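**Q** Encoded as structure tokens, here's the structure I'll be asking about.
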Amino acid sequence: MLKLQEWVDYIFTSIPPVYLIIGSTVIFIVMTTFVYTMRARAASKPIQAKKIILPPLFMSTGMLMFLFDEFQVPWIQVLEASLVGLVFSAVLIKTTMFEMKEDGIYLKKSKAFLVILFSLLILRMVGKLVLSSSIDVGELGGMFFILAFSMILPWRVGMLVKFKKLERSAN
């Protein structure tokens with residue numbers, strides 16, 4: 015039986031990079047659709063602090079990818095991806111609003127969220143097309159994970175702060 019590292023090495027050496035890029039882009043489009051759908055549904059129910067906190071915790075398990083050589087990213091690229099994520103995060107924090115209703119606190123629907131989500135999709139596709147010729151596919155995947163995580167974590171912390179502030183003012 016192959017060890018996990020050997021299995022990852024096998025995938026990255028036997029599957030042409032163009033297929034890995036196409037496959038990961040298709041998966042990202044599906045995930046983007048899923049996230050938008052979940053966000054739209056969440057706006058119709060009162061939000062709770064745990065629903066704000068859990069997504070970055072669940073996503074943090076993805077950091078295990080960096081145990082494998084194929085996904086390791088040089089520090090300068092970690093910094094670049096983190097900064098881009100923080101920029102998107104700042105916009106999300108600014109545009110994420112809550113409203114108090116009789117039965118709880120609700121997330122307000124925002125067109126900016128859809129714009130940011132599609133901007134990320136376009137950035138990811140263009141970035142993959144441009145960068146895949148000079149950066150390994152696994153390393154590129156690691157960079158996009160770092161970008162996403164450095165966007166989601168501060169955004170969710172900002173959401174939690176806004177949520178708690180509104181919750182305190184309501185009591």
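Here the sequence shown is numbered in the numbering used here, starting from 15 and rising by one per residue.
Yeah, the Cβ is synthetic: ideal placement off N, Cα and C, and Gly gets one too.
Remember, predicted model here, so these are calculated numbers, not experimental data.
(1) Confirm, please, whether the CB-CB distance from F177 to F85 is below 8 Å.
(2) If we ignore side chains and look at the alpha-carbon of each, how far apart do I25 and K179 end up?
(3) Taking the straight line between their C-alpha atoms, what separation do you get for Q62 and I119?
(4) Quick one: what's got a C-beta closer than 8 Å to R53's C-beta in the same chain, skipping five residues either side?
(5) Go ahead and label T47 buried or exposed: buried means 16 or more other beta carbons lie within 10 angstroms of its beta carbon, across all protein chains shown.
(6) Over what stretch of residues does the beta strand (DSSP E) that includes E113 continue unbroken?
(7) Considering G121, what are the terminal residues of the beta strand (DSSP E) in which it resides?
(8) Determine the contact status of G155 and I107, defining contact as a CB-CB distance below 8 Å.
(9) Indicate the three-state DSSP secondary structure (helix, strand or coil) for I149 in the structure shown.
(10) Can you tell me the Cα-Cα spacing of G141 and F163, whole angstroms?
(11) Is the CB-CB distance between R138 and F158 below 8 Å?
(12) Could you check the C-alpha separation between L167 and L68 for me, to the nearest Å?
(13) DSSP on F158, reduced to helix/strand/coil?
(14) Answer with buried or exposed for F102, where buried requires no fewer than 16 other C-beta atoms within 10 angstroms of its C-beta.
(15) Using C-beta distances below 6 Å, list every residue in its chain close to T110, excluding the 5 sequence neighbours before and after it, in chain order.
**A** On the basis of the coordinates in this document:
(1) No Cβ-Cβ contact shorter than 8 Å links F85 with F177.
(2) Put simply, the backbone Cα of I25 is about 48 Å away from that of K179.
(3) In this structure, the straight-line span from the alpha carbon of Q62 to that of I119 is close to 8 Å.
(4) These residues qualify, in order along the chain: L121 and F127.
(5) Exposed, because fewer than 16 other Cβ atoms sit within 10 Å of the Cβ of T47.
(6) F112 to K115 is the extent of the beta strand (DSSP E) around E113.
(7) Going by the sequence as given, residue 121 is Leu instead of Gly. Annotation for L121: the continuous beta strand (DSSP E) segment containing it runs G118 to L121.
(8) No, these two residues do not count as a Cβ contact at 8 Å.
(9) When secondary structure is reduced to three states using DSSP, I149 falls in the coil class, being assigned neither helix nor strand.
(10) Straight across, the Cα-Cα distance linking G141 with F163 is about 17 Å.
(11) Going by C-beta atoms, R138 is nearer than 8 Å to F158.
(12) Note on geometry: alpha-carbon atoms of L167 and L68 lie some 10 Å from one another.
(13) In the three-state reduction of the DSSP assignment, F158 falls in the helix class, which pools H, G and I.
(14) It is buried - the Cβ of F102 has at least 16 other Cβ atoms within 10 Å.
(15) Counting only Cβ-Cβ distances below 6 Å, and skipping sequence neighbours, we find M173.
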